[in-house]
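Protein chains in written order, with the working numbering: chain S, 2 to 162; chain E, 2 to 162.
There are 2 protein chains.
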Amino acid sequence: MGIPAMANPDDLAADDQKLTLETFLPYRLNRLADAISREFAKTYRERYGLTRPQWRTLAGLGQNGTMTAKAVGEQSAMHKTKVSRAVAELERRKWLTRRRNTTDRRIEHLTLTRVGEAVYRELAPLAKAYEADLLARMSPAQGKSVLQGLNALEAALLPRR
Amino acid sequence: MGIPAMANPDDLAADDQKLTLETFLPYRLNRLADAISREFAKTYRERYGLTRPQWRTLAGLGQNGTMTAKAVGEQSAMHKTKVSRAVAELERRKWLTRRRNTTDRRIEHLTLTRVGEAVYRELAPLAKAYEADLLARMSPAQGKSVLQGLNALEAALLPRR
DNA sequence: GTAAATTCGTTTCATTTGTAACCATCGAAA
DNA sequence: TTTCGATGGTTACAAATGAAACGAATTTAC
Numbered sequence: 002m003g004i005p006a007m008a009n010p011d012d013l014a015a016d017d018q019k020l021t022l023e024t025f026l027p028y029r030l031n032r033l034a035d036a037i038s039r040e041f042a043k044t045y046r047e048r049y050g051l052t053r054p055q056w057r058t059l060a061g062l063g064q065n066g067t068m069t070a071k072a073v074g075e076q077s078a079m080h081k082t083k084v085s086r087a088v089a090e091l092e093r094r095k096w097l098t099r100r101r102n103t104t105d106r107r108i109e110h111l112t113l114t115r116v117g118e119a120v121y122r123e124l125a126p127l128a129k130a131y132e133a134d135l136l137a138r139m140s141p142a143q144g145k146s147v148l149q150g151l152n153a154l155e156a157a158l159l160p161r162r
Numbered sequence: 002m003g004i005p006a007m008a009n010p011d012d013l014a015a016d017d018q019k020l021t022l023e024t025f026l027p028y029r030l031n032r033l034a035d036a037i038s039r040e041f042a043k044t045y046r047e048r049y050g051l052t053r054p055q056w057r058t059l060a061g062l063g064q065n066g067t068m069t070a071k072a073v074g075e076q077s078a079m080h081k082t083k084v085s086r087a088v089a090e091l092e093r094r095k096w097l098t099r100r101r102n103t104t105d106r107r108i109e110h111l112t113l114t115r116v117g118e119a120v121y122r123e124l125a126p127l128a129k130a131y132e133a134d135l136l137a138r139m140s141p142a143q144g145k146s147v148l149q150g151l152n153a154l155e156a157a158l159l160p161r162r
């Protein structure tokens with residue numbers, strides 16, 4: 002009851018003009034990614050002193066075997082300079098080796114060494130366990146909605162490829 | 002039919018030991034956040050040369066009126082040095098002013114100036130439009146699952162507060 | 001009261017990052 | 001074949017970032 006409030010176009014406080022940061026999709030997504038990234042990074046940082054680009058490179062090579070730096074970057078959505086630096090460090094640790102392609106000498110094939118593989122075999126289950134653990138914090142229905150939501154966002158945001 | 006393959010514990014290629022990066026939750030979340038952040042950032046970067054911390058600070062103050070730097074950081078999940086630097090730049094541009102609290106002189110209250118408010122009033126609708134646009138790229142059911150998924154993740158990952 | 005611990009916010013410094021320039025190589029076109 | 005543009009990868013430089021130290025003000029413990 003009562004007369005509806007007159008909207009004042011000059012009023013910054015007009016609620017329909019405002020943006021609620023807490024419910025704003027880019028912000029929510031960023032905060033979640035930041036939180037999950039930080040949490041999960043403990044797994045590989047504390048144990049092996051890996052940075053995220055290094056972890057991703059290791060994960061890519063562990064998953065796919067031999068890859069080029071370009072392929073690593075594409076698979077893991079990393080800038081090529083990040084890949085380059087991560088590869089350099091993993092090579093320095095002797096966790097991977099490079100081999101120049103003989104027919105196209107611009108390309109180099111990256112492969113995990115035995116040591117690198119051993120690390121991967123230790124880290125991959127930890128990663129899976131982390132994910133399982135995270136999903137275990139929610140109900141099955143919630144877990145399902147998470148996967149569906151991610152699928153929908155990927156379809157809307159990452160159409161290319 | 003056929004005898005199940007014997008698992009070879011030394012084989013890196015044993016699929017159940019591998020981690021598929023493309024389906025790994027932290028990775029998916031990070032890639033999505035990165036994509037959406039980049040896409041949306043065009044809105045405020047091209048037009049106003051704002052960085053993400055600056056945009057968030059503006060958004061916080063626009064939404065809430067006067068706030069302390071600490072409150073800005075808490076609301077927008079930013080490190081206090083990021084807030085400090087964003088505030089310094091927004092002040093330099095005369096988009097906000099500081100006012101020392103008289104009873105506790107450690108605290109300063111931040112408020113948008115008229116110019117700052119004007120920018121906010123231009124940017125907030127653009128942000129909402131971006132979000133609406135993104136959701137319009139999917140079906141209503143997909144949009145719903147996105148929100149449900151985010152809710153579930155937040156409940157699992159950000160219990161504090 | 002005073003000393004110690006805490007809080008708000010800034011600054012310093014080392015690290016990480018991205019852009020752009022770069023080098024080497026390759027493929028296509030002339 | 002020479003040249004020109006594209007490609008794989010690295011490097012140089014500047015900007016953004018975070019950890020830690022800091023200064024000033026406040027609160028707590030004694």
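Beta carbons: idealized from backbone N, C-alpha and C, even for Gly. The model shown is predicted, which means the values in this text are computed figures rather than measured ones.
Please report the straight-line C-alpha distance between residue i and residue j, rounded to a whole angstrom.
i                  : j                  : result
Leu-97 of chain E  : Thr-112 of chain E : 5 Å
Ala-60 of chain S  : Thr-67 of chain S  : 12 Å
Pro-141 of chain E : Gly-150 of chain E : 14 Å
Leu-26 of chain E  : Thr-104 of chain E : 47 Å
Thr-114 of chain E : Lys-95 of chain E  : 7 Å
Trp-88 of chain E  : Tyr-121 of chain E : For clarity, residue 88 of chain E is Val in the given sequence; the question names Trp instead. Looking at the two C-alpha atoms, the distance is approximately 15 Å.
Ala-157 of chain S : Arg-138 of chain E : 6 Å
Tyr-49 of chain S  : Lys-43 of chain S  : 10 Å
Val-116 of chain S : Leu-62 of chain S  : 13 Å
Ala-70 of chain E  : Ile-108 of chain E : 8 Å
Arg-29 of chain E  : Arg-86 of chain S  : 22 Å
Val-147 of chain S : Pro-126 of chain E : 28 Å
Leu-136 of chain S : Thr-24 of chain E  : 14 Å
Arg-39 of chain E  : Thr-21 of chain S  : 20 Å
Asn-31 of chain E  : Arg-99 of chain E  : 35 Å
Ala-72 of chain E  : Arg-106 of chain E : 16 Å
Glu-47 of chain E  : Gln-143 of chain E : 30 Å
Lys-145 of chain E : Asp-17 of chain E  : 32 Å
Arg-93 of chain S  : Arg-93 of chain E  : 45 Å
Are the beta-carbon atoms belonging to residue i and residue j less than 8 Å from one another?
i                  : j                  : result
Gln-64 of chain S  : Leu-91 of chain S  : no
Leu-154 of chain E : Leu-124 of chain S : no
Ala-36 of chain E  : Leu-159 of chain S : yes
Using beta carbons (cut-off 8 Å, strictly below), is residue i in contact with chain S?
i                  : result
Glu-75 of chain E  : no
Arg-94 of chain E  : no
Val-88 of chain E  : no
Val-116 of chain E : no
Gln-149 of chain E : yes
Leu-97 of chain E  : no
Ser-1 of chain E   : Since the first residue of chain E shown is 2 and the last is 162, residue 1 of chain E is not available in this structure.
Leu-159 of chain E : yes
So, at 7 Å on beta carbons, what are the nonlocal neighbours of residue i in its own chain, with the 5 sequence-adjacent residues on each side left out?
i                  : result
Phe-41 of chain E  : Tyr-131
Lys-83 of chain S  : Pro-54
Asn-152 of chain E : none
Asp-129 of chain E : According to the sequence displayed, residue 129 of chain E carries Lys and not Asp. Cβ within range, chain order: n/a, list empty.
Asp-57 of chain E  : According to the sequence provided, residue 57 of chain E is Arg. The question's Asp does not apply to it. So the qualifying residues of the chain are Ser-77 and Met-79.
Arg-101 of chain E : Glu-109
Tyr-45 of chain S  : Leu-51, Trp-56 and Leu-124
Kindly list the residues whose CB is nearer than 6 Å to the CB of residue i, restricted to its own chain and excluding five residues on each side of it in sequence; keep chain order.
i                 : result
Lys-19 of chain E : none
Using C-beta distances below 8 Å, list every residue in its chain close to residue i, excluding the 5 sequence neighbours before and after it, in chain order.
i                  : result
Gly-74 of chain E  : His-80, Lys-81, Lys-83 and Val-84
Glu-118 of chain E : Gly-63
For a cutoff of 8 Å on Cβ pairs, would you count residue i as touching chain E?
i                  : result
Thr-21 of chain S  : yes
Glu-123 of chain S : no
Leu-111 of chain S : no
Glu-155 of chain S : yes
- Using a Cβ-Cβ cut-off of less than 8 Å, list which residues of the segment 24-47 of chain E approach chain S; keep chain order. Within the segment 24-47 of chain E, the qualifying residues are Phe-25, Leu-26, Pro-27, Tyr-28, Arg-29, Leu-30, Asn-31, Arg-32, Leu-33, Ala-34, Asp-35, Ala-36, Ile-37, Ser-38, Glu-40 and Phe-41.
- Can you list, in chain order, the residues of the segment 130-141 of chain E whose Cβ is nearer than 7 Å to any Cβ on chain S? Taking 7 Å as the cut-off between beta carbons, the residues of the segment 130-141 of chain E near chain S are Glu-132, Leu-135, Arg-138 and Met-139, in sequence order.
- Contact list for the segment 53-72 of chain S against chain E, Cβ threshold 8 Å: Taking 8 Å as the Cβ-Cβ cut-off against chain E, the residues of the segment 53-72 of chain S that qualify are Arg-57, Ala-60, Gly-61, Gly-63, Gln-64 and Gly-66.
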